[in-house]
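To keep things clear, I will list the structure first and then write my remarks on it.
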Amino acid sequence: MEKVMNSPLILDGKKISEKIRGELRSNISEASREAGREPGLAVILVGSDPASEIYVRNKIKACEKVGIRSFSYKLAEGIRTEEIIELISELNAKEEVDGILVQLPLPPHIDQKEVISAISPSKDVDGFHPENMGRLLGGIEEGFVPCTPLGIDILLGEYGIELKGMDVTVVGAGFIVGRPLSALLLRRNATVTVCHIHTKDLAKFTSQADMVISATGVPHLIKSDMVREGAVVIDVGISRIGGKIVGDVEFESVSKKASAITPVPGGVGPMTVTALLMNTFKAFRIRTGIQSTSTINP
Ligand code: GUN
Numbered sequence: 019m020e021k022v023m024n025s026p027l028i029l030d031g032k033k034i035s036e037k038i039r040g041e042l043r044s045n046i047s048e049a050s051r052e053a054g055r056e057p058g059l060a061v062i063l064v065g066s067d068p069a070s071e072i073y074v075r076n077k078i079k080a081c082e083k084v085g086i087r088s089f090s091y092k093l094a095e096g097i098r099t100e101e102i103i104e105l106i107s108e109l110n111a112k113e114e115v116d117g118i119l120v121q122l123p124l125p126p127h128i129d130q131k132e133v134i135s136a137i138s139p140s141k142d143v144d145g146f147h148p149e150n151m152g153r154l155l156g157g158i159e160e161g162f163v164p165c166t167p168l169g170i171d172i173l174l175g176e177y178g179i180e181l182k183g184m185d186v187t188v189v190g191a192g193f194i195v196g197r198p199l200s201a202l203l204l205r206r207n208a209t210v211t212v213c214h215i216h217t218k219d220l221a222k223f224t225s226q227a228d229m230v231i232s233a234t235g236v237p238h239l240i241k242s243d244m245v246r247e248g249a250v251v252i253d254v255g256i257s258r259i260g261g262k263i264v265g266d267v268e269f270e271s272v273s274k275k276a277s278a279i280t281p282v283p284g285g286v287g288p289m290t291v292t293a294l295l296m297n298t299f300k301a302f303r304i305r306t307g308i309q310s311t312s313t314i315n316p
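Taking this note's numbering, the leading residue of the sequence shown gets 19, the next gets one more, and so forth.
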């Protein structure tokens, strides 16, 4: 990739998402005609965390736009783990539901592990079930890859950024992004370093990397002196500071050194939702036996 000094390639997740969702819409319409029904996604939201409410609303809206039917379940904050599992059991058995998503985080009294494990792995479009996480770590192609790692992988692929042999430093080892992303990068034959809250010298690992992917939720954690000249920088963070959405990366300064960088908003965020739509369509195709005509398959 050629680098023009001080003007990095902007990895435009919004634009790529629009392109993929357009293609998905026509593929879904054709497949729905063949199957006699639309793909269906059940979305479970527990409590009323404002950020989660926005994310869920965006996911449901995105489903409607591509022809995926959504089934929305808003559960009271005080609900018990067993009651959520009961609902999931019903959804597992429901023919018209292809995917089940439980928005995280769950309230602290809920056993998240039990809830996620109750989802049928074949409907686990978030890819969080131990069976799907295990497949990912085992390098097994079948199953579902969590949406943010999958979205990042697709975004890099669209821009022709080859992960094979790259030194990638992942900052953040969380369940939703850092851990599954590290496994996916390894599957792509990158050399992966995972940093986390106990890492003694973060800059030591970020500054030697060909690619830095930050998923911590710490605003402006990654500064320009922590990034190598010409590095690819992927920002997964979404934080709100005084009504403004900012990422983990100090975009202003880091973009002067990076060869390619994702903006916040408009980078990884839309790709996560696109990956969810793709995973839901994939679950539908597997369950109905309809072949894919798409060029991009998760
Ligand atoms: N909370 C933050 N990101 C995600 C995600 O990708 N899926 C779910 N279910 N919850 C989330």
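Glycine residues also receive a C-beta, built at the ideal position from the N, C-alpha and C atoms.
These numbers come from a predicted model, not from an experiment.
- request: State buried or exposed for Pro-148, treating a residue as buried only when at least 16 other CB atoms are found within 10 Å of its CB.
  value: exposed
- prompt: Whose C-beta lies closer than 8 Å to the C-beta of Thr-211 among residues of the same chain, with five residues either side of it excluded?
  reply: Cβ neighbours of Thr-211 beyond the five flanking positions: Asp-185, Val-186, Thr-187, Val-188, Phe-223 and Ala-227.
query: In whole angstroms, what is the alpha-carbon distance linking Val-64 and Gly-54?
result: 32 Å
- prompt: So which residues touch the region around the ligand GUN, with touch meaning a C-beta under 6 Å from any heavy atom?
  reply: Leu-119, Val-120, Gln-121, Leu-122, Asp-144, Cys-165, Thr-166, Ile-194 and Thr-290
Alpha helix (DSSP H) segment containing Met-229, residue limits: First-last for Met-229: 229-232, but that is the beta strand (DSSP E), not the alpha helix (DSSP H).
- request: Quick one: give me the first and last residue of the beta strand (DSSP E) that Val-264 is part of.
  value: 262-264
message: Beta-carbon within less than 6 Å of Gly-117's beta-carbon, same chain only, minus the 5 sequence neighbours each way: which residues are those?
response: Leu-59, Lys-141, Val-143, Thr-298 and Ala-301
Within the region 43-131, ranges of the beta strand (DSSP E) (whole runs, at least 3 residues): 58-64, 87-93 and 117-120
task: Check whether the Cβ atoms of Val-254 and Val-286 lie closer than 9 Å to each other.
output: yes
message: Tell me which residues share the same chain as Ile-279 and place their Cβ nearer than 6 Å to its Cβ, disregarding the 5 neighbours each side in the sequence.
response: Pro-26, Val-251 and Ser-273
query: Do the CB positions of Thr-166 and Leu-122 come within less than 9 Å of each other?
result: no
- prompt: How far does the beta strand (DSSP E) with Val-251 in it reach, from first residue to last?
  reply: 250-253
task: Grab me the residues of Tyr-91's own chain with a C-beta within less than 6 Å of its C-beta, minus the 5 sequence neighbours each way, in chain order.
output: Ile-62
query: Hey, Leu-119 and Val-133 are a contact pair by Cβ (cut 8 Å); roughly how many whole angstroms apart?
result: With 8 Å as the limit, Leu-119 and Val-133 do not qualify as a contact, their Cβ atoms being about 11 Å apart.
- prompt: For Ile-221, which residues from the same chain have a beta carbon less than 6 Å from its beta carbon, with the 5 sequence-adjacent residues on both sides left out?
  reply: Inspection of the sequence shows that residue 221 is occupied by Ala rather than by Ile. Cβ within range, chain order: Met-244.
task: Give a yes or no on whether the C-beta atoms belonging to Ala-136 and Ile-97 are separated by under 9 Å.
output: Ile-97 is positioned such that its CB atom lies no closer than 9 Å to that of Ala-136.
query: Cα separation between Ile-240 and Val-267?
result: 5 Å
query: Hey, quick one: how far does the alpha helix (DSSP H) through Asp-171 stretch, first residue to last?
result: 165-176
- prompt: Among Leu-174, Gly-157 and Val-264, which has the Cα closest to the Cα of Val-230?
  reply: Leu-174
message: If distances are taken between C-alpha atoms only, which option among Gly-235, Gly-261, Glu-95 and Arg-205 comes closest to Leu-154?
response: Looking from the CA of Leu-154, the closest CA among Gly-235, Gly-261, Glu-95 and Arg-205 belongs to Arg-205.
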